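Protein chains in written order, with this note's numbering: chain A, 4 to 231; chain B, -4 to 403.
Backbone N, C-alpha and C fix where the C-beta goes; we use that ideal spot for every residue, glycine too.
Note that the coordinates shown come from a computational prediction; the quantities given were computed from them, not determined experimentally.
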């Protein structure tokens, strides 16, 4: 039995204007993500993976097409409502980790909870648990500049889980990691996906990621090429 | 992790820049508070000089005298002035009551006669309460209350070519409109700070003026000194009500209402101080804005991350505002310490300043601790810090998230 879609994009189109030149980054893409998905978006550089991921993560708005979250269109939401939806339902993992350098690992994990107004005690306890879950229980008070690349990405993953995200979006999460660390991170993502029932959408051109996918969407020149 | 803690950590990121910006705020704060303390001290000295220069804290006279409609000397004078003065002295808030006669006439020697502005005073009481007796540069202040003697302004004495020990003849109209004359001995020459007054000033004992004008105990006004200058108006109202109830037609004016010169100087000083303050705040604003713009540019990707994680645009604005305010507060703290230290140094140096307007001699540079200046400087600097964040913060908050995340 197929789970109902968590997120659904219909005929999504996104065009960037560089001076007089129009670049169609995503062109008429239909995509749906269900809670059971570990969906990989693959394709060469410039194929539109990141743009599609940004549209799915409400970081950007399509020029055309419809995006539905749990069956409701998100187009009518104002910026504050979109922020709240991202904060409460989405988790983000970036290629360059994007941790706040002045905060410790634990404080970085606490940040989305602080934005959601979670109490300090609850934040601290949950940050501790999440860091333990990603294998960094002993690095809670360490600042990002003293962590390795793999450790930083683990902190970023813990941060993405802070508010019990239902959908984790990762853009090239292994792009800055060596292959062994990349394997570890992907295993962690896959484990968390299975344990927590959290949908994952990963944009990558790393074949290591593809191997862990439940579904793969290939993009080329902004169009969906095939579904595997 | 509160927004404030994040703001505090952020301003500690680039310590050199934070120190520079906070240093500019501190400089602005110290400059404002020191200037404020100096101006406050100047106002106080000017007010004291005005009061002790002859105006007193309060004057009681006929309404016509205050409205300037008295055509003849003592036309609307206060009859039985001794009784009125005793009544005023009985008020517990009154420290001193001085009776005065304002008159004018001609002062002549054998060869020439010049107009003068005369003042009939009680010599001892004036010497006790006013500064004018201290301005005598040659001879002495008026002595016995009954003697026919005079102190002349330096300009008038020079024009008449007289000095202590010489005699001059005073011509004036009596209260009945008859020309009268009396010889008085010049016992002193005073150097008054305002030249126009110095050229016309002539003081004689009240009794002498009374004889010249045949005033029969009538005076122009009562000049009062009170224990609490801030309550001068209340004392005036109380006394005038009492005197009116006893049949006298009197009114009162406080020294602030009478001292036109004080008001003009105060307005001028406030204008200058306000302008300098505005320039200082503008400098701080520009420096802080420049710093904040750099911060916003450097942290563009981080702001994109915070927005992706769910921080609302107004959260970004708040974060920047907190950083601006915290930086401003740090600068103000340092500025307060700097200001207090410099104040101590200046006050202990006993530096002499040129005579301010209305004062005859140089004054020691003294910077008062003026809490209002600290309050104004704090408000000004924090407002500058906050305002400096406005544009960078709104710019950062409005930036598309994907654009911010892609910022290199």
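- About 7 Å separates the beta carbon of residue 113 of chain B from that of residue 204 of chain B, a gap short enough to meet the 8 Å contact definition.
- Remark: three or more beta-carbon pairs, one from each stretch, lie closer than 8 Å, so the region 322 to 332 of chain B and the region 5 to 21 of chain B are flagged as touching.
- In this chain, the beta strand (DSSP E) harbouring residue 175 of chain B covers 174 to 185.
- In this structure, residue 164 of chain B keeps its C-beta atom at 8 Å or more from the C-beta atom of residue 115 of chain B.
- Residue 321 of chain B is classed as buried because its beta carbon has at least 16 other beta carbons within 10 Å across all chains shown.
- The residue from B:243, B:138, B:99 with its alpha-carbon nearest to that of residue 208 of chain B is B:99.
- No Cβ of chain A is located within less than 8 Å of the beta carbon of residue 394 of chain B.
- One finds nothing in chain A with a Cβ atom closer than 9 Å to the Cβ of residue 340 of chain B; even the nearest lies about 38 Å away.
- Secondary structure at residue 196 of chain B: strand, using DSSP grouped into helix, strand and coil.
- For residue 176 of chain A, no Cβ of chain B is located within less than 8 Å of the residue's own Cβ.
- For residue 317 of chain B, the closest Cβ of chain A is not nearer than 8 Å.
- Straight-line spacing of the CA atoms in residue 87 of chain B and residue 276 of chain B works out to 47 Å.
- Proximity of chain A to residue 230 of chain B at the Cβ level (cut-off 9 Å) is not reached, the minimal Cβ distance being about 59 Å.
- Interface residue (Cβ-Cβ distance to chain A less than 8 Å): residue 290 of chain B is not classified as such.
- The criterion of a C-beta distance shorter than 8 Å is satisfied by residue 159 of chain B and residue 184 of chain B.
- Shown here, residue 289 of chain B sits in a helix according to DSSP, grouped into three states.
- Taking the C-beta atoms as reference points, residue 258 of chain B is found no nearer than 8 Å to residue 399 of chain B.
- Listed by position along chain A, the residues whose Cβ is nearer than 9 Å to that of residue 295 of chain B form an empty set, because the closest Cβ is around 12 Å away.
- When Cβ-Cβ separations below 8 Å define contact, residue 63 of chain A makes contact with chain B.
- Taking a C-beta distance under 8 Å as the contact criterion, residue 145 of chain A and residue 160 of chain A do not qualify as a contact pair.
- Around the beta carbon of residue 51 of chain B, 16 or more other beta carbons sit within 10 angstroms, so the residue counts as buried.
- Counting other Cβ atoms within 10 Å of its Cβ, residue 156 of chain A reaches 16 or more and is therefore classed as buried.
- With the rule of 3 Cβ pairs closer than 8 Å, the region 54 to 62 of chain B counts as touching the region 215 to 222 of chain B.
- With contacts defined by Cβ atoms closer than 8 Å, residue 324 of chain B and residue 384 of chain B do not form a contacting pair.
- Closest in alpha carbon position to residue 182 of chain B, among B:211, B:228, B:223, B:131, is B:131.
- Going by beta carbons, residue 217 of chain A and residue 78 of chain A fall outside the 8 Å limit.
- Interface with chain A (8 Å Cβ-Cβ cutoff): residue 321 of chain B is excluded.
- Straight across, the Cα-Cα distance linking residue 212 of chain A with residue 184 of chain A is about 12 Å.
- Proximity of residue 8 of chain B to chain A, defined by a Cβ-Cβ separation below 8 Å, is satisfied.
- Residue pairing from DSSP places residue 24 of chain A in a beta bridge opposite A:21.
- Within the same chain, 27 come within 6 Å of residue 272 of chain B by CB-CB distance, once the 5 residues on both sides are set aside.
- The beta carbon of residue 96 of chain B sits closer than 6 Å to the beta carbons of 115, 204, 214, 215 from its chain, once the five residues preceding and following it are set aside; these are given in chain order.
- The three-state reading of DSSP puts residue 169 of chain B in coil, since its state is none of H, G, I, E or B.
- One finds 303, 304, 305 in chain B with Cβ atoms closer than 8 Å to the Cβ of residue 89 of chain A, taken in chain order.
- For residue 156 of chain A, the secondary structure class from DSSP, reduced to helix, strand or coil, is helix.
- For the pair of segments examined, the region 86 to 96 of chain A was found not to touch the region 38 to 53 of chain A: the number of CB pairs separated by less than 8 Å stays below three.
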